[in-house]
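K.L.:
To convert, take the position in the sequence shown, counting from 1, and add 43; that gives my numbering. The beta carbon of each residue, even a glycine, is placed where N, CA and C say it ideally should be.
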Amino acid sequence: MSTQHETERFNLLAQRVMQLEHQLAQVCRHIGMAVPAPEPLGEIAGLIASGNKIAAIAKYQELRGVGLAEAKTAVDDIATRLGFV
C-alpha cells in the first residue's frame with residue numbers, strides 16, 4: 044500500500060469513527076445514559092498510519108500502563124483492524 048493510499052484510508056476511517064461516536068452520543072442522550080469518553084487511540088492509529096510503529100507501541104504503553112509485549116500485540120491488532128498490515 045502506498046503512503047498516500049494509507050493516509051487516505053486512515054482519514055476515511057477516522058471520519059467514520061467520528062460519525063459513529065456522534066451517533067452513539069445521540070443514542071446515549073436519547074435513552075438517558077452517560078456518553079462514554081472516546082478511547083484515546085487516535086494518536087496511536089496516526090502513528091501506525093505514518094509508519095512509526097515503535098512510537099505507537101510506546102504511546103500504547105504510556106496510555107495503558109502495560110508492558111512491551113502486550114503493547115506490541117495490541118498495536119499489531121490495531122494495525123490489522125485498520126488495514127495497515
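Ignore the nearest five residues each way along the sequence and tell me which others in T50's own chain have a CB closer than 7 Å to its CB.
P.N.:
Position 7 of the sequence shown holds residue 50. So the list reads A92, once near-sequence residues are dropped.
K.L.:
Note down the Cα distance separating L106 from H48, rounded to an integer number of angstroms.
P.N.:
Residue numbering aside, residue 106 sits at position 63 when the sequence shown is read from its first letter. Residue numbering aside, residue 48 sits at position 5 when the sequence shown is read from its first letter. Distance between the alpha carbons of L106 and H48 is about 28 Å.
K.L.:
Between which two residues does the alpha helix (DSSP H) harbouring P61 extend?
P.N.:
In the sequence shown, the residue the question calls residue 61 occupies position 18. One detail in the question is off: residue 61 reads as Met in this sequence, not Pro. Unbroken alpha helix (DSSP H) run through M61: T46 to I74.
K.L.:
Considering only their Cβ atoms, is the gap separating Y103 from A117 smaller than 9 Å?
P.N.:
In the sequence shown, residue 117 corresponds to position 74, counting from 1. In the sequence shown, residue 103 corresponds to position 60, counting from 1. Contact flag set, yes.
K.L.:
Taking R124 as the reference, which of S45, T46 and V60 has the closest Cα?
P.N.:
Position 81 of the sequence shown, counting from 1, holds the residue named residue 124. When only C-alpha atoms are compared, the closest one is V60.
K.L.:
Check T85 in the structure and name its three-state DSSP category.
P.N.:
Here the question's residue 85 lines up with position 42 in the sequence shown. The question names Thr, but residue 85 in the sequence shown is Gly. Reduced to three states, the DSSP call for G85 is helix.
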